[in-house]
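The structure appears below as structure tokens.
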Amino acid sequence: MHAIQAATRTDGVRYAIRDIVMKAREHAANGMDMLYMNIGDPIQFDFETPPHIIEAIAESMRSGDTGYGPSEGTHEAVAAVTAEAKVKGIANPHHVFITTGASEAIELAMTALLDPGDELLVPSPGYPLYNALLSKLSATEVTYELDEDNGWQPDIEDIERRITPRTKGLVVINPNNPTGSIASTETLDALVDVAQRHGLLLLADEIYDKLTLDGDAVVSLASRAGSHPCVTFGGIAKCYLGPGLRVGWGMVSGNPEWVEEYAEAIGRLERARLCASHPAQASVRAALEGPQDHINDMIARLRDRRDRLMDGINAIDGISCVAPRGAFYAFPRLEGVRDDNAFVLELMAATGIVCVPGSGFGQRRGTAHLRFVILPPPRVIDTAMERLAAFIRSR
């Protein structure tokens with residue numbers, strides 16, 4: 003028998019965030035003191051899932067919710083997402099679907115939209131899940147630039163230049179991973195205008211929407227889109243500190259006549275995969291309608307850690323950073339570095355600092371970046387900045 007060949011569509015699947023972990027494990031096994039600044043999982047640090055969310059899931063299991071649930075999600079979960087959408091000013095939610103993490107919602111929405119060879123506009127820097135899914139679907143990623151000189155706002159002119167007859171949709175990640183930027187209302191309105199003129203579906207990844215570090219409010223793209231078709235993604239993972247619960251959602255909004263066929267295509271995909279975890283869906287109502295105290299506490303801690311990171315970076319020659327305003331990431335720029343992947347590996351070997359190369363998220367040609375998370379305790383951040391400064395001086 004011959005060796006089984008892998009599908010060529012998997013050739014483009016890379017996930018720099020997890021890939022770097024394999025090398026970090028080797029160093030840790032050899033006794034190195036590691037400083038993990040790489041992965042966006044609050045539970046790996048000193049954050050905890052709010053107790054009322056855990057109790058809601060436990061009560062659901064005790065009540066017997068361990069059989070299959072509705073494919074689109076339980077009535078309570080769907081109703082909670084719909085109610086929050088109206089609070090955000092989204093006047094016309096057409097179809098809400100609860101999924102195994104926001105990642106599955108994104109996959110269902112993209113699968114229902116794209117045929118092989120179709121194009122999707124994706125931000126650069128941006129979250130690598132989109133690239134992986136596009137490879138899986140044999141569709142084409144077309145990146146548009148976020149402007150580092152303008153606080154990492156989407157470059158509207160660059161988007162316009164990249165639209166072709168095969169372009170089907172436009173992805174907006176707000177707040178952005180990996181830069182921590184928040185799109186202004188003016189930017190959102192410009193994005194809606196582009197989508198309307200070119201007949202593009204808007205895909206709004208807003209999973210960090212409550213984590214704003216300087217008092218800004220994240221304006222939902224769908225609230226600005228009005229009747230124009232939009233899919234909004236959210237979940238329990240980030241704002242509600244439950245990444246391992248794997249509960250997310252998508253919401254199709256817009257003129258029902260324009261989105262009905264597309265929403266039904268998503269529905270067929272939902273039914274084919276049965277349902278998301280039935281008891282875990284109890285977390286949705288508990289999160290959205292229950293106590294929100296942990297969010298202010300989380301923001302205060304993240305703001306302090308962001309400021310410590312920025313102070314450390316600003317004290318080092320050869321590295322600069324646009325201060326993140328949301329989520330829990332920073333995307334500093336390295337001067338005089340050509341290969342950020344090699345830099346990250348050398349930094350890890352010399353200092354134990356684990357971070358991710360900017361090339362894993364996309365960056366303007368000729369630039370080099372790192373992605374740090376601002377989740378670690380202050381002591382870890384301070385130590386990492388001291389070691390980073392010493393490493394750059396040594397170079």
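In terms of my numbering, the sequence shown opens at residue 3 and continues consecutively.
Ideal Cβ placement from N, Cα and C applies to all residues, glycine included.
In the DSSP annotation of this structure, residue 187 is not part of any beta strand (DSSP E); the continuous alpha helix (DSSP H) holding it starts and ends at 187-200. In the DSSP annotation of this structure, residue 159 is not part of any beta strand (DSSP E); the continuous alpha helix (DSSP H) holding it starts and ends at 158-164. In the three-state DSSP reduction, residue 155 falls in the strand class (E or B).
Secondary structure note for residue 253: its beta strand (DSSP E) is the uninterrupted segment 250-255. Between the alpha carbons of residue 254 and residue 180 lies a gap of roughly 25 Å. Under the DSSP definition of a beta bridge, residue 232 partners with 204, 255. In terms of Cβ geometry, residue 321 and residue 336 form a close pair [threshold 8 Å].
Around the beta carbon of residue 95, a 10 Å sphere encloses 16 or more other beta carbons of the protein chains shown; the residue is thus reported as buried.
Note on geometry: alpha-carbon atoms of residue 39 and residue 387 lie some 11 Å from one another. Beta bridge pairing from DSSP links residue 237 with 250. Residue 98 sits in a strand when the DSSP states are folded into three classes. Counting only runs of 4 or more residues that sit fully inside the segment 35-64, the alpha helix (DSSP H) segments are 53-64, in chain order.
No Cβ-Cβ contact shorter than 8 Å links residue 333 with residue 128. Counting C-beta pairs closer than 8 Å gives fewer than three between the segment 215-231 and the segment 60-77, which falls short of the contact rule.
An exposed status is given to residue 295, since fewer than 16 other beta-carbon atoms sit within 10 Å of its beta-carbon. Secondary structure note for residue 393: its alpha helix (DSSP H) is the uninterrupted segment 380-396. The closest CA to that of residue 146, considering only 153, 108, 124, is found on 124.
Here the alpha carbon of residue 143 sits roughly 10 Å from the alpha carbon of residue 119. Check the Cα spacing between residue 47 and each of 390, 396, 383: the tightest is with 383.
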